[in-house]
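The next block holds one structure in the form of structure tokens; read it before the comments.
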Amino acid sequence: MLASDLLAFCRTPRSRQEIADYLGVRTVFYAMQRYVKPLLASGALTLTIPEKPQSRNQRYVASGAFAPLGGK
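Laid out in structure tokens, this is it:
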């Protein structure tokens, strides 16, 4: 799975579970550690509720500078 594919998927805000399902991994924890956290650290993904990173309503969205245009 390429980071660009995940960023394209996250053009609209996505939950942890939606991301894990899209990636086809067994656990949300693995998806967060392996894919989401590195993209958050680089600024490619942003939180919809930055003041509450552990909120059950948290969603992840591709930041404007990294959001792929058109395509898939």
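The opening residue of the sequence shown carries number 1 in full-length UniProt numbering; numbering runs sequentially from there.
Where a beta carbon is used, it is the ideal one built from N, C-alpha and C, also for glycine.
Shown here for glutamine 58: same chain residues with a beta carbon closer than 8 angstroms to its own, the five before and five after excluded, namely Ser15, Arg16, Leu47, Thr48, Ile49, Lys52 in chain order. Judged by their CB atoms, leucine 45 and alanine 62 are nearer to each other than the 8 angstroms cut-off. The bridge partners DSSP lists for valine 28 come to none. Taken through DSSP and simplified to helix, strand or coil, leucine 45 comes out as strand.
The distance from the Cβ of tyrosine 35 to that of leucine 6 is about 6 angstroms, consistent with a contact at the 8 angstroms cut-off.
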